[in-house]
Structures are given as structure tokens and as C-alpha cells.
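K.L.:
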Amino acid sequence: MYVVATPIGNLQDITLRALAVLRAVDVVAAEDTRHTAQLLSAHGINARLMAAHEHNEARAAAQIVDRLAAGEQVAFVSDAGTPGISDPGARLVAQVRAAGHPVVPVPGPSAMAAAMSVAGFADTAFHFVGFLPPKRGARQSRLQALAAAPEALVFYEAPHRVQESIDDMAAVLGAARELVIARELTKRFEQIVRLPLGEAGAWLRADDNHLRGEFVLVVAGAPPPEGLDPAAERVLALLLDELPVKSAARLAAAICGAPRNALYARALELKR
Ligand code: SAM
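According to numbering that gives the first Met the number 0, the stretch in the sequence shown is residues 0 to 271, in order.
Written out as C-alpha cells, the structure is:
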């Protein structure tokens with residue numbers, strides 16, 4: 000079974016290999032057969048289609064396994080981008096592999112990679128979050144859990160929730176953090192802006208069009224924690240040779256005027 004990436008907007012964004020595979024297979028399993036029929040027809044491909052979406056994934060997987068067992072070749076596509084990235088596919092892949100058939104990726108577009116490629120953050124490490132929970136409490140807890148991560152955070156968001164998600168990001172991650180809003184990538188009204196989280200709400204409200212379409216949000220990683228004064232660290236290390244962690248941290252703080260919590264955390268690290 001081939002797992003094939005398809006365009007995220009611009010129908011030209013499909014690889015030569017993907018087209019060849021979609022043309023050659025016996026059946027194309029698609030998240031939405033009507034949507035995929037349009038893509039195939041734009042490229043002059045006349046394939047047999049079957050539905051394989053979130054709600055019938057297990058049944059569709061069983062049918063696909065039967066076809067593969069009969070010697071057929073199958074391609075699986077989602078509506079846009081790479082299957083399995085905030086999209087169905089994982090269960091299908093697992094079932095096909097468990098039945099002993101090879102699963103072959105045919106890579107191509109993904110909104111996450113497209114957004115990172117134009118975000119312009121110097122550090123290439125990033126944490127792909129996908130969609131945040133729709134309810135505010137759960138969303139804020141998730142953001143809280145991500146707040147200290149040093150890597151850029153990559154979110155998918157729907158137009159009707161983008162405003163409240165960005166408000167929560169500014170509140171939990173801090174207004175000063177840089178945000179890249181990548182809207183309608185590869186489409187006619189593509190827009191990529193970079194601004195501090197604290198200014199993003201006003202930007203969204205400035206124009207109704209800013210709230211339309213599909214969004215990837217990339218937030219810069221947390222700034223590194225302020226380092227300890229090297230002199231305080233030396234005193235701490237000396238005291239730790241003679242004293243328990245808590246006393247060493249307290250005395251080092253008193254001697255050097257450095258923050259006790261930071262010294263305590265460092266003392267624990269040194270002890271380990
Ligand atoms: N599997 C897809 C991929 O590889 O990117 C993602 C599918 S997910 C169901 C759909 C979400 O991806 C959208 O809500 C949006 O956050 C993001 N997305 C998809 N196409 C996009 C585009 N052209 N511009 C910006 N974001 C896009």
C-alpha cells in the first residue's frame with residue numbers, strides 16, 4: 000500500500016512519483032472520494048476510488064488488506080497534504096503492516112513543513128503540536144505544558160478558533176514571543192506574517208480576510224532560562240562538597256546574592 004501526499008491547495012504541488020503511483024494502482028482509497036476525484040481529474044487520472052476515512056477506517060482497512068492479499072496495489076490519500084499528519088491513516092497503516100503487507104510512503108506536501116520553510120526561525124528543531132483542544136481549559140493546560148519547550152511550536156488551527164487560540168497563546172506563552180501566521184499556503188490569498196503574539200489579536204481583527212482560510216501557527220520556542228553567575232556556581236559547588244543541597248543553596252544565595260531557587264535547582268543537577 001502506497002501512502003501518498005497530495006497538494007495542500009495548489010494542484011500543481013504533487014510529485015511525479017505520486018502521479019505515477021496514483022495512475023498505476025488498482026484502487027485509490029481516499030478520505031473524501033469526491034475531493035480526490037477532482038485532483039485526479041485535474042491530472043487526467045482515471046482511477047477506481049474507495050472511501051477510507053476516520054469513521055470507517057477499520058472496515059476500509061480490512062477491505063484493503065483483502066485486496067492486497069489478492070495481489071492488487073492500493074494507494075491511500077487524505078484530503079490534503081500528508082496522510083497521518085493530523086489526518087487519518089495511522090490505524091490503516093498499522094492494520095496493513097500487521098497483515099504482512101509493505102507500506103510505502105510517497106512523500107510530498109505538508110502544511111507543517113511548508114510553514115516551517117518560511118517561518119525563518121534560526122533553530123531548525125520544532126515541536127509539531129497539530130490542533131489544540133477546542134475547549135479553553137484544556138487548551139490552556141496544553142499550552143502550559145508546552146510553555147518551557149525551547150523548540151518552536153507548530154499548530155494547526157481552524158478559522159473559527161484561530162482568534163481564541165492566539166489569545167490563549169499570548170496569555171500563557173507571553174506576549175513577547177514571536178508568532179508566524181501562515182494562512183492559505185500555496186493558494187491565491189496566501190499570507191505569511193511574523194509578529195509578537197501580543198500584536199496578533201489586533202492583526203486578526205484589522206481585516207475580516209485575516210480570519211479566513213486555513214492556518215498554521217508557528218510560535219518561537221521559550222527563551223533560555225537566565226544563566227547563573229559563574230562565581231555563584233563556583234561557591235555552590237564548594238559548599239556542596241560539605242553540606243546538603245538545601246543548606247548549600249541557601250548559603251550560596253546569601254553569600255553571592257544569586258536567586259535561591261535557581262541555586263537549589265542547579266545544586267540538584269550537580270548532585271546528580
Ligand atoms: N495532513 C495535512 C498536512 O500534511 O498538512 C493536514 C490535515 S489537517 C486535517 C488540516 C489543517 O492543516 C488545517 O486546518 C490547517 O491548519 C492546515 N492546513 C492545511 N492546508 C493548509 C494551507 N493550505 N495553508 C495553511 N494551513 C493549512
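Backbone N, C-alpha and C fix where the C-beta goes; we use that ideal spot for every residue, glycine too.
What number of angstroms, rounded off, separates the C-alpha of Leu227 from the C-alpha of Arg176?
P.N.:
If you number the sequence shown from 1, residue 227 lands on position 228. If you number the sequence shown from 1, residue 176 lands on position 177. Distance between the alpha carbons of Leu227 and Arg176: 23 Å.
K.L.:
Check Arg276 in the structure and name its three-state DSSP category.
P.N.:
Only positions 0 to 271 of the chain appear in the structure, and residue 276 is not among them; the question remains open.
K.L.:
Return no unless some Cβ of chain D is closer than 8 Å to the Cβ of Gln94.
P.N.:
Of the chains in the structure shown, none is chain D; there is only one protein chain.
K.L.:
Let me check understanding here. Comparing Cα to Cα, which of Asp166, Phe154, Leu172 and Pro195 lies closest to Arg182?
P.N.:
For this step, residue 182 is matched to residue 183 along the sequence shown. Comparing Cα positions, the closest option is Phe154.
K.L.:
Phe214: beta carbon under 7 Å from a heavy atom of the ligand SAM?
P.N.:
Here residue 214 refers to the residue found at position 215 when the sequence shown is read from its first residue. Yes.
K.L.:
What residues in its chain sit with their C-beta under 8 Å from that of Val95, if we drop five residues either side in the sequence?
P.N.:
By one-based count along the sequence shown, residue 95 stands at place 96. For Val95, where only same-chain residues beyond five positions count, the Cβ hits under 8 Å are Met0, Ala60, Ile63, Val64, Leu67 and Val102.
K.L.:
Closer than 7 Å: is that where the CB of Ser352 sits relative to any heavy atom of the ligand SAM?
P.N.:
Absent from the structure is residue 352, since the part of the chain shown begins at 0 and ends at 271.
K.L.:
Assuming Val161 contacts Phe214 under a Cβ cut-off of 8 Å, what Cβ separation, rounded to an integer in Å, is found between them?
P.N.:
As a first step, residue 161 must be located in the sequence shown, where it is residue number 162. As a first step, residue 214 must be located in the sequence shown, where it is residue number 215. Rounded, the Cβ-Cβ distance is 5 Å, consistent with contact.
K.L.:
Please report the distance separating the alpha-carbon of Ala264 from that of Asp78.
P.N.:
Residue 264 sits at position 265 when you count from the first residue of the sequence shown. Residue 78 sits at position 79 when you count from the first residue of the sequence shown. Taking the straight line from one Cα to the other gives about 48 Å.
K.L.:
Would you say the beta carbon of Ser109 is closer than 7 Å to some non-hydrogen atom of the ligand SAM?
P.N.:
Against the sequence shown, residue 109 aligns to sequence position 110. Indeed, a heavy atom of the ligand SAM lies less than 7 Å from the Cβ.
K.L.:
Could you please give me the residues that DSSP links to Ala57 through a beta bridge?
P.N.:
One-based indexing of the sequence shown puts residue 57 at position 58. For Ala57, which the question treats as bridged, DSSP gives no partner whatsoever.
K.L.:
Using the C-alpha atoms, what's the distance from Arg141 back to Leu152?
P.N.:
Here residue 152 is taken as the residue at index 153 of the sequence shown, counted from 1. Here residue 141 is taken as the residue at index 142 of the sequence shown, counted from 1. Using only the alpha carbons, I get a separation of about 12 Å.
K.L.:
Would a C-beta distance cut-off of 8 Å place Ile44 and Thr185 closer than the cut-off?
P.N.:
Within the sequence shown, numbered from 1, the residue matching residue 44 stands at position 45. Within the sequence shown, numbered from 1, the residue matching residue 185 stands at position 186. No, Cβ-Cβ distance for Ile44 and Thr185 is not below 8 Å.
K.L.:
In whole angstroms, what is the alpha-carbon distance linking Met115 and Arg135?
P.N.:
Within the sequence shown, numbered from 1, the residue matching residue 115 stands at position 116. Within the sequence shown, numbered from 1, the residue matching residue 135 stands at position 136. Answer to the nearest angstrom: the Cα atoms are 26 Å apart.
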